[in-house]
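Below: one structure, written as structure tokens.
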Amino acid sequence: MQTDDPTVTEIVAFIADEVGVDATLLTRETPVAELGISSLDLIETIFKLESRFDIEIPNDGPLNGNNVTVGALVDHVAELVAASHGRTAGAASAG
Numbered sequence: 003m004q005t006d007d008p009t010v011t012e013i014v015a016f017i018a019d020e021v022g023v024d025a026t027l028l029t030r031e032t033p034v035a036e037l038g039i040s041s042l043d044l045i046e047t048i049f050k051l052e053s054r055f056d057i058e059i060p061n062d063g064p065l066n067g068n069n070v071t072v073g074a075l076v077d078h079v080a081e082l083v084a085a086s087h088g089r090t091a092g093a094a095s096a097g
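Numbering (my numbering) for the sequence shown: 3 to 97.
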């Protein structure tokens with residue numbers, strides 16, 4: 003997943019490391035389930051993202067479902083990170 007946003011790059015690298023894949027193989031459209039992440043693994047990854055980026059990901063947000071994509075996960079985390087730092091995540095959807 004290519005982007006000029008350093009926060010998005012860091013989030014993608016974090017997710018890739020968590021699931022054990024090369025970050026360059028991840029696309030916005032890649033379903034998280036195709037990465038071998040069970041719903042339980044996704045919850046654990048979300049907890050780790052919360053801890054790493056000092057954010058709180060709501061249970062009823064866009065990540066609550068079976069068809070979560072890497073792009074949706076990255077965008078949502080980037081928006082929360084930007085909000086916690088008082089800026090917008092305009093570049094989060096690039097790439």
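Even glycine gets a Cβ: it sits at the ideal position worked out from N, Cα and C.
Values in this document were obtained by computation on a predicted structure and should not be read as measured data.
Query: Compute every distance between the C-beta of E52 and the non-hydrogen atoms of the ligand FMN, then say whether any falls below 7 Å.; Result: This structure lacks the ligand FMN, and indeed carries no ligand of any kind.
Query: Compare the Cα-Cα distances from T32 to each of L44, A15, V70 and S53 and report the closest residue.; Result: V70
Query: Would you list the one or two residues that DSSP bridges to P33?; Result: T71
Query: On the three-state DSSP scale, how would you describe P8?; Result: helix
Query: Roughly how far, in whole angstroms, is the beta-carbon of E81 from the beta-carbon of K50, given that I think they are within contact range, below 8 Å?; Result: Wrong, their Cβ atoms sit about 18 Å apart, outside the cutoff.
Query: With H, G and I counted as helix, E and B as strand and the rest as coil, what does DSSP make of I45?; Result: helix
Query: Among residues of its own chain, excluding the 5 on either side of V14, which ones have a beta-carbon nearer than 7 Å to its beta-carbon?; Result: M3, A25, L28 and V76
Query: How many whole angstroms separate the CB atoms of E52 and E58, which I take to be in contact at a CB cut-off of 8 Å?; Result: 6 Å
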